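My numbering puts the first residue of the sequence shown at -4, with every later residue one more than the last. Note that the Cβ used here is the ideal one computed from N, Cα and C, for glycine as well. Quantities reported herein were computed from a predicted structural model and do not represent experimental measurements. One structure is given below, encoded as structure tokens.
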Amino acid sequence: MSHFLVRSDSYKSFEWMILFIYALCLREIVIIIKSIINGSDNGRTSKYSPLSHILIIIQKQMTDDTFDCPVCFGVMAEPVVTPCQHRFCYICISQTLERNNFACPMCRAPFEEQYIPDIDQKFQEKVAAGRPDEFEKASQALKENGLWRGNLQSIKFFFGNKHRLLSDEETGEENSNTHEWTGFVECADPSLSKKFIASVEYKLHPTFKPSKVKVTKTPLEIKRWGWGVFEIKIIINWKKWMNREPVKYTHMLSFDGDGKRNAFLVDVPKEDYQKAFSK
Ligand SMILES: [Zn+2]
Ligand SMILES: [Zn+2]
């Protein structure tokens, strides 16, 4: 039964993909035909032959003039260029990263763990000029939902746990604790953690004594031995200049391989960010 469902779902998405490609082709053909009929580019008489004209239009469509995000298909009000030179909305790419998916949604090229998407302001101006009405609408929608990036800087952090199996010599024969885990919080560039984080509080399973531990020095870690997984509560207190409330996360310990890490982004006004780094 479930097998059947999976198959039918994948057929459905395949159909949609074909339909989408077909729609794209149709759009290109219409643009090309229009340009041939008009025989002009922006109202000026073209100095190109019809064939080179077609090639120029196709090239334009494939490069800068594609203002639509390939993830949400909406016009990109806040466009980001990835290191692999693909363009997405800021929101779309940051959601990809939040799902711990560090690869380009278009070409699957892996992003570096430190990768932080930043808005391409030059391209944003192009979108605003090329599709003014849609740009305005999309920006307005982002602003109304409090999602407009404006002049913010993203800082990337990780939290989670490292893990390793203990050897018999380490644990001794009677010890049932066979796992060593290390809870951690760090900036994508760990040397910068202390610029942003004042302290990290870890709340452990009540069987740990003490079960609440506050770490104020980097590395902001807690290392323990244990036999089973449980949920750790992590509270991150920011440095004063960050001017923000502590964030709380719940992390389920992982004893799989090296452990598990989760990413999150924090946005601060670019001005504050630059000030903090000029000190
Ligand atoms: Zn998008
Ligand atoms: Zn890419």
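Once you ignore the five residues that flank cysteine 87 on each side, which residues in its own chain have a CB closer than 6 angstroms to its CB?
-> Counting from 1 along the sequence shown, the entry for residue 87 is found at position 92. Around cysteine 87: Cys64, Val66 and Cys67.
Excluding the five sequence neighbours on either side, which residues of its own chain have a C-beta within less than 6 angstroms of the C-beta of asparagine 33, listed in chain order?
-> Counting from 1 along the sequence shown, the entry for residue 33 is found at position 38. Residue confidence for asparagine 33 is low, a pLDDT of 46 falling below 50, so the modelled location carries little weight; the figure read from the coordinates is stated next. Within the same chain, asparagine 33 has no close Cβ partners at all.
Is DSSP giving proline 281 helix, strand or coil here?
-> Past the boundaries of the shown model lies residue 281; the chain is included only from -4 to 274, so the question cannot be answered.
If you check the beta carbons only, do threonine 173 and lysine 157 fall under 8 angstroms apart?
-> Mapped onto the sequence shown, residue 173 falls at position 178. Mapped onto the sequence shown, residue 157 falls at position 162. In this structure, lysine 157 does not lie closer than 8 angstroms to threonine 173 by Cβ.
For ligand 1, is there a heavy atom less than 7 angstroms away from the beta-carbon of cysteine 64?
-> Here residue 64 corresponds to residue number 69 of the sequence shown, with the count starting at 1. It does: the Cβ of cysteine 64 is within 7 angstroms (strictly closer) of some heavy atom of ligand 1.
Assuming valine 180 and isoleucine 229 form a contact by the criterion Cβ under 8 angstroms, report the distance between their Cβ atoms to the nearest whole angstrom.
-> Within the sequence shown, the letter at position 185 stands for residue 180. Within the sequence shown, the letter at position 234 stands for residue 229. By a beta-carbon distance limit of 8 angstroms, valine 180 contacts isoleucine 229. Their separation comes to about 6 angstroms.
What are the start and end residues of the alpha helix (DSSP H) that includes valine 122?
-> As a working note, residue 122 is residue 127 in the sequence shown. Segment 116 to 125, the alpha helix (DSSP H) holding valine 122.
Sequence-distant residues of its chain with Cβ nearer than 7 angstroms to lysine 255 (five each side left out) = As a first step, residue 255 must be located in the sequence shown, where it is residue number 260. Cβ neighbours of lysine 255 beyond the five flanking positions: Gly155, Asn156 and Ser249.
With respect to the alpha helix (DSSP H) encompassing glutamine 90, which residues constitute its N-terminal and C-terminal limits?
-> As a working mapping, residue 90 is identified with position 95 in the sequence shown. Segment 85 to 93, the alpha helix (DSSP H) holding glutamine 90.
Quick one: is alanine 133 buried, meaning 16 or more other Cβ sit within 10 Å of its Cβ, or exposed?
-> By 1-based counting over the sequence shown, the position of residue 133 is 138. Classification for alanine 133: buried.
Along the alpha helix (DSSP H) that carries threonine 177, what are the first and last residues, could you check?
-> Here residue 177 corresponds to residue number 182 of the sequence shown, with the count starting at 1. Per DSSP, threonine 177 belongs to no alpha helix (DSSP H); it is in the beta strand (DSSP E), 174 to 182.
Give me the Cα-Cα distance between alanine 123 and glutamine 116, rounded to the nearest whole angstrom.
-> On the sequence shown, position 128 is the one that residue 123 refers to. On the sequence shown, position 121 is the one that residue 116 refers to. Approximately 10 angstroms, taken between the alpha carbons.
Between isoleucine 231 and valine 195, is the Cβ-Cβ spacing less than 8 angstroms?
-> Taking the sequence shown and counting its residues from 1, the one referred to as residue 231 is at position 236. Taking the sequence shown and counting its residues from 1, the one referred to as residue 195 is at position 200. Result yes, Cβ atoms of isoleucine 231 and valine 195 sit closer than 8 angstroms.
Following the continuous alpha helix (DSSP H) through phenylalanine 333, name the residue where it begins and the one where it ends.
-> Because the chain here runs from -4 to 274, residue 333 falls outside it and cannot be looked at.
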